[in-house]
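Protein chains in written order, with my numbering: chain A, -2 to 438; chain B, -2 to 438. Quick reminder that beta carbons are idealized off the backbone N, C-alpha and C, glycines included. See structure below.
Number of protein chains: 2
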Amino acid sequence: MSNVSAYRASILHCLRDPGDDNEPLASAAVEYFEDGLLLVVDGYIEGVGPASELINTLPTDVQIVDYKGQLIIPGLIDCHVHYPQVDIIASYGERLLDWLEKYAYPAERKFVDANYAKEVAEFFVEELLRNGTTTACVFATVHPQSVEAIFEAASKVGMRLISGKVLMDRNCPEDLRDDPQTAYKQSRQLIEKWQGHGRLSYAVTPRFALTSSEKQLRGAGRLLQEYPDVYLHTHLAENEEEVEQVGRQFPWSRSYLDVYENFELLRERSIFAHCIHLNDDDRKQMAEQGAAIAFCPSSNLFLGSGLFELHAARQCNVRLGVGSDVGGGTSLSMLRTLGDGYKVLQLRGEKLTPFGGFYLATLGAAKALYLDDKIGSFAKGKEADFIVLDPARIDLLQRGGGTNDICSRLFAMFFLGDDRIVREAYLMGQARRPTRRAKIA
Amino acid sequence: MSNVSAYRASILHCLRDPGDDNEPLASAAVEYFEDGLLLVVDGYIEGVGPASELINTLPTDVQIVDYKGQLIIPGLIDCHVHYPQVDIIASYGERLLDWLEKYAYPAERKFVDANYAKEVAEFFVEELLRNGTTTACVFATVHPQSVEAIFEAASKVGMRLISGKVLMDRNCPEDLRDDPQTAYKQSRQLIEKWQGHGRLSYAVTPRFALTSSEKQLRGAGRLLQEYPDVYLHTHLAENEEEVEQVGRQFPWSRSYLDVYENFELLRERSIFAHCIHLNDDDRKQMAEQGAAIAFCPSSNLFLGSGLFELHAARQCNVRLGVGSDVGGGTSLSMLRTLGDGYKVLQLRGEKLTPFGGFYLATLGAAKALYLDDKIGSFAKGKEADFIVLDPARIDLLQRGGGTNDICSRLFAMFFLGDDRIVREAYLMGQARRPTRRAKIA
Chain A
-2 MSNVSAYRAS ILHCLRDPGD DNEPLASAAV EYFEDGLLLV VDGYIEGVGP ASELINTLPT
58 DVQIVDYKGQ LIIPGLIDCH VHYPQVDIIA SYGERLLDWL EKYAYPAERK FVDANYAKEV
118 AEFFVEELLR NGTTTACVFA TVHPQSVEAI FEAASKVGMR LISGKVLMDR NCPEDLRDDP
178 QTAYKQSRQL IEKWQGHGRL SYAVTPRFAL TSSEKQLRGA GRLLQEYPDV YLHTHLAENE
238 EEVEQVGRQF PWSRSYLDVY ENFELLRERS IFAHCIHLND DDRKQMAEQG AAIAFCPSSN
298 LFLGSGLFEL HAARQCNVRL GVGSDVGGGT SLSMLRTLGD GYKVLQLRGE KLTPFGGFYL
358 ATLGAAKALY LDDKIGSFAK GKEADFIVLD PARIDLLQRG GGTNDICSRL FAMFFLGDDR
418 IVREAYLMGQ ARRPTRRAKI A
Chain B
-2 MSNVSAYRAS ILHCLRDPGD DNEPLASAAV EYFEDGLLLV VDGYIEGVGP ASELINTLPT
58 DVQIVDYKGQ LIIPGLIDCH VHYPQVDIIA SYGERLLDWL EKYAYPAERK FVDANYAKEV
118 AEFFVEELLR NGTTTACVFA TVHPQSVEAI FEAASKVGMR LISGKVLMDR NCPEDLRDDP
178 QTAYKQSRQL IEKWQGHGRL SYAVTPRFAL TSSEKQLRGA GRLLQEYPDV YLHTHLAENE
238 EEVEQVGRQF PWSRSYLDVY ENFELLRERS IFAHCIHLND DDRKQMAEQG AAIAFCPSSN
298 LFLGSGLFEL HAARQCNVRL GVGSDVGGGT SLSMLRTLGD GYKVLQLRGE KLTPFGGFYL
358 ATLGAAKALY LDDKIGSFAK GKEADFIVLD PARIDLLQRG GGTNDICSRL FAMFFLGDDR
418 IVREAYLMGQ ARRPTRRAKI A
């Protein structure tokens, strides 16, 4: 154990899906050390366990970073977010299709300017880290330079990140359209440059079925065949009006999902945001093909899109993560996103358990993204992406009534916690959390 | 104008209900001064207007407090909140009736201890101020000492506040029950001591129909007749199971509302929290009798109670305010409460407009509480309760994309703002916002 770093704190992570297990700690789906030690060697997890046991195994010259009284968890994972929309969070009054026209497209138009893209991308990556998000699956815009900007910003801090150029060649403003040939060519160039570069992965990113011609969707499928390791990232069945329009636009399709399937976009490493208006046939098909759902509760509430059926998705064994969906979502904090997730499910008479939510933002999300061999828990050999939470930074959390068990404390963070309690974010063992920017004059 | 204080900032307040008015600024339902001056004399509003005009009217020795770049609004009003539940916010997994048994009652039991009540009451009042709430309508517990504690804490800082002893003599834990005689007698004593004492008002507070005997409800009605100036504060039609049980418990009643009406609890200054499961007959009856609804969106989501019908309530002209309903609600911030209000209404296909929401937490709430001659706007002669918001304290708010008009900026604060942007809270012209407590070791 040369070059070992040790972090002492309460430590929590998932070993497997806690599911509907009532006692995930007892059954060891979730592992918790009240006084734990996390060992990192050369940016990778070396081990985790009770401090009292592990301390004696350390070389004598190892300095222990003391976060006692605080909580270390795996870095949070945002499975669906639009970085170019970071400045239009909380834009008033519309549902999906009008919201795109009125707010999203005008915001995305600015990314034709590479310098502008760079500034926003760097701000966005800082905000992710400030919120404790260490991996994200990110929409860029139709402009290749927007993809360059986000990959460069992530690369600079060593963040694991998935992104790609948006493909859209119809039903959107003229000046934001590409065409099937350009879309294919630009995507290819970006894949060649960025896929597997450091911690970066590429996602072929048709915005959604409505904004791509069949030819463009076919080109997207071709890219996936040529580059089997890249992702597919898009939206599916978010809004009823959207679903209806998809039916009209692809009259031959059995369902919205079928459109994507037809163009061979339904496969492993296909990430579909929302998936509110699906049926069990769709869900089973997704599960069989190894695709994943990004549940985006804050966005689904803010845009009035509807209530996601978590129980049904779980029953069908679909891979599942959570997404902030900023700017349709209202917060980059995955803690607050889980809080909204709980609210969505309460309205449906379902429950998002504290550990179940935690799983969806850590190991579950890693599985959804086929990254669970690399991130999402503290299993030996994984990349050391972790965050340090300090609940004492918020009085209401610190008081915490009678709720001193880790499960209740974790759950309270979904509602009372946010970026304020993220004391530190480590990427591959390096502390990276930026403090907030100085006030702009 | 002796003893005048002047505050320079952007200033926003309502002159009347902006309703569905598309241009409330143009129609002067809402008044906004980009560079405004607020004048206060001896704790009361003297005037408000453009700084450039008012500055020349001031005596030369007046020092102007400069909050330039920040926003002054009337202090926010929370129409329904339980102070004894401040430490059980975000308690997991239940809907209303089970949530009461599992979390609320055990928390309230502790208020038998006057010292404990004092500590929590003082913390609660500090939290209100930190969140920019300057008036609240507050549930205490069944213990008279809990009422003493909250009135004393409010009195100490000069906060306008309404509270009262909870009445409950059945369907709740034995050791939290009073009886009709004790309830009546203790309420009377508290009314005699506190009603009209400084800025305090008393509310006769039956928890809800299920937890009071008919005799106790009759006693509550008698108190209101003997003390016509006091309030009635209770819950109404929050949860479907509750509504059903009320029907069984009061088989003679036409509706849940009818139970309260039967005991003469439906009148001016009657504040009913939730009111989700009502019909138009109920709403019209409430409007006619001058009663008010406290819309509690964050609680309604968190407890899965349902989606409030704002449009219907407005059509029936019921007085309306918003409530955090902590601990069923998840935040004491009225800004975040309005954000959740928007989400609730989006799910219904209704809209909470930015100024409409602002009205519900300021002048509308003041009208709901029959306090609009005293608070809720900057009309001359009102008590100078106001807060100073500094959006620059949150990067995402400060950036604010293309949204530089006051309407968009206000709306963004419902989602991106919270206690962090409340720079100062003034009560009767005195700065009172406490900084957060030192970290507890």
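{"Check": "Near-chain B residues of the region 88 to 117 of chain A - C-beta to any C-beta below 8 Å", "Outcome": "SER88, TYR89, GLY90, ARG92, PRO103, ALA104"}
{"Check": "Cβ contact (3+ pairs, closer than 8 Å) linking the region 306 to 319 of chain A and the region 356 to 365 of chain B", "Outcome": "no"}
{"Check": "Rounded separation between PRO245 (chain B) and PRO71 (chain A) - CA only", "Outcome": "As written in the sequence, residue 245 (chain B) is Arg, which differs from the Pro given in the question. Cα-Cα distance, rounded: 50 Å."}
{"Check": "Uninterrupted alpha helix (DSSP H) stretches inside the region 77 to 164 of chain A (no shorter than 4 residues)", "Outcome": "93 to 96, 102 to 106, 111 to 127, 141 to 154"}
{"Check": "PHE292 (chain B) CB to nearest heavy atom of the ligand ZN below 8 Å", "Outcome": "Absence of the ligand ZN from the depicted structure is noted, as is the absence of any ligand whatsoever, leaving it without description."}
{"Check": "Residue environment, ALA288 (chain A), which counts as buried when at least 16 other CB atoms sit within 10 Å", "Outcome": "buried"}
{"Check": "Within 7 Å of chain C by C-beta, residues of the region 334 to 362 of chain B in sequence order", "Outcome": "Here the protein chains are A and B, and chain C is not one of them."}
{"Check": "Continuous alpha helix (DSSP H) stretch holding ARG185 (chain B): start and end", "Outcome": "177 to 191"}
{"Check": "Proximity of PHE120 (chain B) and VAL83 (chain B) at Cβ, strictly below 9 Å", "Outcome": "yes"}
{"Check": "Outcome for ALA25 (chain B) when other beta-carbon atoms lying within 10 angstroms are tallied against a minimum of 16", "Outcome": "exposed"}
{"Check": "Beta-carbon proximity check, TYR80 (chain A) vs PHE136 (chain A), cutoff 9 Å", "Outcome": "yes"}
{"Check": "Straight-line Cα distance separating ILE273 (chain B) from ALA133 (chain B)", "Outcome": "21 Å"}
{"Check": "Chain B residues whose Cβ lies nearer than 9 Å to that of PHE292 (chain A)", "Outcome": "Residues of chain B passing the Cβ test: none, with the nearest at roughly 16 Å."}
{"Check": "Inter-residue CB distance, ALA468 (chain B) and ALA104 (chain A) (contact presumed, cutoff 8 Å)", "Outcome": "There is no way to answer for residue 468 (chain B), as the model of chain B reaches only from -2 to 438."}
{"Check": "Distance CB(ILE147 (chain B))-CB(MET331 (chain B)) smaller than 9 Å", "Outcome": "no"}
{"Check": "Inter-residue spacing [alpha-carbon to alpha-carbon] between HIS10 (chain B) and PRO177 (chain B)", "Outcome": "43 Å"}
{"Check": "9 Å Cβ cutoff, PHE305 (chain B) in contact with chain A", "Outcome": "no"}
{"Check": "Residue(s) in a DSSP beta bridge with SER7 (chain B)", "Outcome": "B:LEU68"}
{"Check": "Top-ranked residue by Cα proximity to GLN184 (chain B), from B:SER2, B:ASP172, B:SER143, B:PHE205", "Outcome": "Contrary to the premise, residue 184 (chain B) reads as Ser rather than Gln in this sequence. Among B:SER2, B:ASP172, B:SER143, B:PHE205, the Cα nearest to that of SER184 (chain B) belongs to B:SER143."}
{"Check": "Beta carbon proximity, GLU145 (chain A) to chain B, threshold 9 Å", "Outcome": "no"}
{"Check": "Start and end residues, alpha helix (DSSP H) containing ASP392 (chain B)", "Outcome": "392 to 396"}
{"Check": "Bounding residues of the alpha helix (DSSP H) (the contiguous stretch that carries PRO294 (chain A))", "Outcome": "294 to 299"}
{"Check": "Three-state class that DSSP yields for GLN213 (chain B) in the structure shown", "Outcome": "helix"}
{"Check": "One or two residues paired with THR231 (chain A) in a DSSP bridge", "Outcome": "A:PHE269"}
{"Check": "According to DSSP, residues forming a beta bridge with GLY318 (chain A)", "Outcome": "A:ALA291"}
{"Check": "Inter-residue spacing [alpha-carbon to alpha-carbon] between SER152 (chain B) and GLY66 (chain A)", "Outcome": "36 Å"}
{"Check": "Backbone CA spacing between PHE383 (chain B) and THR130 (chain B) [nearest angstrom]", "Outcome": "9 Å"}
{"Check": "Cβ-based burial, HIS140 (chain B) [other Cβ within 10 Å; buried from 16]", "Outcome": "buried"}
{"Check": "Own chain partners of GLN286 (chain A) with C-beta closer than 6 Å, once the 5 adjacent residues on each side are dropped", "Outcome": "LEU263, ARG264"}
{"Check": "According to DSSP, residues forming a beta bridge with PHE383 (chain B)", "Outcome": "B:PRO71, B:TYR423"}
{"Check": "CB of SER49 (chain B) within 9 Å of CB of ASP32 (chain B), strictly", "Outcome": "yes"}
{"Check": "Contact list for ASP392 (chain B) against chain A, beta-carbon separation under 8 Å", "Outcome": "PHE120, GLU124, ARG433, ARG434"}
{"Check": "Close beta carbons around GLN395 (chain B), own chain, < 8 Å, minus the five adjacent residues each side", "Outcome": "PRO388, ALA389"}
{"Check": "Touching by the beta-carbon criterion (3+ pairs, under 8 Å), the region 322 to 338 of chain A and the region 7 to 21 of chain A", "Outcome": "no"}
{"Check": "Pairwise C-alpha distance: LEU393 (chain B) and ALA217 (chain A)", "Outcome": "34 Å"}
{"Check": "Separation of PHE260 (chain B) from VAL201 (chain B), as counted between CA atoms", "Outcome": "13 Å"}
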